[in-house]
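Q:
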Amino acid sequence: AAQPSKKTVASRVPFADLCSTLERIQTCKSRPEKTKHFKDFLDSWRKFHDALHQKEKDVTDSFYPAMRLILPQLERERMAYGIKETMLAKLYIELLNLPKDGKDAAKLLNYRMPAGSRGDTGDFAMIAYFVLKPRSPKQGRLTIEQVNEHLDAIANNNAAKNKGLLKKSLLQLITQSTALEQKWLIRMIIKDLKLGVSQQTIFSVFHPDAAELHNVTTDLEKVCRQLHDPSVSLSDVSIMLF
Amino acid sequence: DADVPRWDAFFKCNKL
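Here you go:
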């Protein structure tokens, strides 16, 4: 029998839209503004989810594919990437054919050194963004689902200690992304988004009971699935559970 | 996919 089409929201949401939301959250100053940008994205996701799955029962789709990129420090399903700034720096120097003793290569390798007035000292992703900007595609084409698939491949290749395939899967990810998307990808891989918003705030905007359910389960997917509907309270869920 | 809803009908992303 034909497999039912596995329609997921994440397979239809461009990664670029998540990145522009993260960019707005990071750049605006006040907490209410920051949470508004996150809430706008989340509300759109939930409305689209309801429309996409309107005739379906037992839907397992949820905000999890996006939430795990917004809170990468809470990732439990995917193993470590085994990638730090220095490895990324060397990969970009090779990929972009940067002269080894050139200015841009030095910026990437010495990203912790104070330089320039932009105040991006120590922020490898920001420094990489300015190096990548003139050299990256202007239009990204990955969906959130595809980004998660590439990150799965990177984590699996790292676990298999296959450096060659790890580099290959990382290249597939970055060569299909704009400089802005790569800035956020780097932060997701390094697991520090520098959003200026706490995990608690993200949880409280997602659902009043999300922080508590995560404390009990430490399972981000379970939090996103069981509290997908903001009108469902944790007590309802626990009754359903037992 | 004709009747499948579209993401850009739910999320307006003014380019940065």
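Chains as they are written, first to last, in the working numbering: chain S, 1 to 242; chain P, 1 to 16.
All C-beta atoms in this analysis are idealised placements derived from N, C-alpha and C, irrespective of residue type, glycine included.
Keep in mind it's a predicted model, so treat the numbers as computed, not measured.
1. Leaving out five residues before and five after R31(S) in sequence, what residues of the same chain have Cβ atoms less than 8 Å from its Cβ?
2. If we cut at 9 Å on Cβ distances, does T35(S) have a partner in chain P?
3. Could one say the Cβ of T21(S) lies closer than 9 Å to chain P's Cβ atoms, at least one of them?
4. By the criterion of Cβ-Cβ separation under 8 Å, what are the contact partners of L52(S) in chain P?
5. Would you report the Cα separation of L76(S) and L69(S), rounded to the nearest angstrom?
6. Helix, strand or coil for T217(S), going by three-state DSSP, please let me know.
7. Taking the beta carbon of K34(S) as the centre, do at least 16 other beta carbons fall within 10 Å, making it buried, or is it exposed?
8. Determine the extent of the alpha helix (DSSP H) in which L171(S) is found, giving its start and end residues.
9. Start and end of the alpha helix (DSSP H) containing K34(S)?
10. Give me, in chain order, the residues of the same chain whose beta-carbon lies closer than 6 Å to that of R112(S); leave out the 5 immediate sequence neighbours on both sides.
11. Check whether the Cβ atoms of K194(S) and Q26(S) lie closer than 9 Å to each other.
12. Out of K183(S), F63(S), Q226(S), H49(S), point me to the one whose CA is closest to M126(S)'s CA.
13. Please report how far the alpha carbon of R225(S) lies from the alpha carbon of T60(S), in whole angstroms.
14. Any beta carbon from chain P within less than 9 Å of C136(S)'s own beta carbon?
15. Do we get a CB-CB distance below 9 Å when we pair W45(S) with the residues of chain P?
16. By Cβ distance below 8 Å, which residues in the same chain neighbour K133(S) in space, the five residues on each side in sequence not counted?
17. Three-state secondary structure (DSSP) at P137(S)?
18. Going along chain P in order, which residues have a C-beta closer than 8 Å to the C-beta of D17(S)?
19. Tell me whether P65(S) sits in a helix, a strand or coil according to DSSP, three-state version.
20. Let me confirm a value: A2(S) is counted as buried when at least 16 other C-beta atoms fall within 10 Å, else exposed. Which label applies?
21. Assuming I154(S) and L166(S) make a contact with CB atoms under 8 Å, what is their CB distance in whole Å?
22. By the criterion of Cβ-Cβ separation under 7 Å, what are the contact partners of R12(S) in chain P?
23. Name the chain P residues that come within less than 9 Å of F48(S), Cβ to Cβ?
24. If you measure between the beta carbons of A51(S) and N148(S), is that distance less than 9 Å?
25. For T178(S), which of helix, strand or coil comes out of DSSP?
26. Let me check understanding here. Comparing Cα to Cα, which of L91(S), H37(S), M79(S), T8(S) lies closest to M164(S)?
A: In terms of the structure at hand:
1. By 1-based counting over the first sequence, the position of residue 31(S) is 31. V197, T201.
2. On the first sequence, position 35 is the one that residue 35(S) refers to. Closer than 9 Å: no.
3. As a first step, residue 21(S) is located in the first sequence; it is residue number 21 there, counting from the start. True, the Cβ-Cβ gap to chain P drops below 9 Å.
4. Residue 52(S) sits at position 52 when you count from the first residue of the first sequence. For L52(S), the residues of chain P that pass the 8 Å Cβ criterion are V4, P5, in the order they occur in the chain.
5. Translated into the one-based positions of the first sequence, residue 76(S) becomes position 76. Translated into the one-based positions of the first sequence, residue 69(S) becomes position 69. The identity of residue 76(S) in the sequence shown is Arg, whereas the question assumes Leu. One C-alpha to the other measures close to 12 Å.
6. In the first sequence, counting from the first residue as 1, residue 217(S) sits at position 217. In the structure shown, T217(S) sits in a helix (DSSP, three-state: H, G or I).
7. Here residue 34(S) refers to the residue found at position 34 of the first sequence. Per the 10 Å Cβ criterion, buried.
8. For the purposes of this step, residue 171(S) is taken as the residue at position 171 of the first sequence. 163 to 174 is the extent of the alpha helix (DSSP H) around L171(S).
9. For the purposes of this step, residue 34(S) is taken as the residue at position 34 of the first sequence. Counting along the chain, the alpha helix (DSSP H) containing K34(S) begins and ends at 31 to 52.
10. Counting from one through the first sequence, the residue named residue 112(S) turns up at place 112. Cβ within range, chain order: G122.
11. The count along the first sequence starts at 1 and reaches residue 194(S) at position 194. The count along the first sequence starts at 1 and reaches residue 26(S) at position 26. Contact: yes.
12. Position 126 of the first sequence, counting from 1, holds the residue named residue 126(S). It is K183(S) whose Cα lies nearest to the Cα of M126(S).
13. One-based indexing of the first sequence puts residue 225(S) at position 225. One-based indexing of the first sequence puts residue 60(S) at position 60. One C-alpha to the other measures close to 7 Å.
14. As a first step, residue 136(S) is located in the first sequence; it is residue number 136 there, counting from the start. Residue identity differs from the one stated: residue 136(S) is Ser in this sequence, not Cys. Chain P contact via Cβ: absent.
15. By 1-based counting over the first sequence, the position of residue 45(S) is 45. It does; some Cβ of chain P falls within 9 Å.
16. On the first sequence, residue 133(S) is found 133 positions in, with the first residue counted as 1. Result list for K133(S): A179, in chain order.
17. Position 137 of the first sequence holds residue 137(S). In this structure, P137(S) counts as coil in the three-state DSSP scheme.
18. Here residue 17(S) is taken as the residue at index 17 of the first sequence, counted from 1. Those are W7, F11, C13, listed as they occur along chain P.
19. Locating residue 65(S) in the first sequence gives position 65, counting from the first residue. Correct three-state label for P65(S): helix.
20. Position 2 of the first sequence, counting from 1, holds the residue named residue 2(S). The predicted model places A2(S) with a pLDDT of 43, which falls under 50 and marks its position as unreliable; any figure quoted below should be read in that light. Under this definition A2(S) is an exposed residue.
21. Taking the first residue of the first sequence as 1, we reach residue 154(S) at position 154. Taking the first residue of the first sequence as 1, we reach residue 166(S) at position 166. 6 Å between Cβ atoms; contact.
22. Here residue 12(S) refers to the residue found at position 12 when the first sequence is read from its first residue. Taking a Cβ-Cβ threshold of 7 Å, the residues of chain P close to R12(S) are W7, in chain order.
23. Within the first sequence, the letter at position 48 stands for residue 48(S). Neighbours of F48(S) on chain P, chain order: P5, R6, W7, A9, F10, F11.
24. In the first sequence, residue 51(S) corresponds to position 51, counting from 1. In the first sequence, residue 148(S) corresponds to position 148, counting from 1. Against a cut-off of 9 Å, the Cβ pair of N148(S) and A51(S) comes out as no contact.
25. For the purposes of this step, residue 178(S) is taken as the residue at position 178 of the first sequence. Three-state result, T178(S): coil.
26. As a position in the first sequence, residue 164(S) is number 164, starting the count at 1. Here residue 164(S) turns out to be Gly, not Met, going by the sequence shown. Taking the Cα of G164(S) as reference, the smallest distance to any Cα among L91(S), H37(S), M79(S), T8(S) is reached at L91(S).
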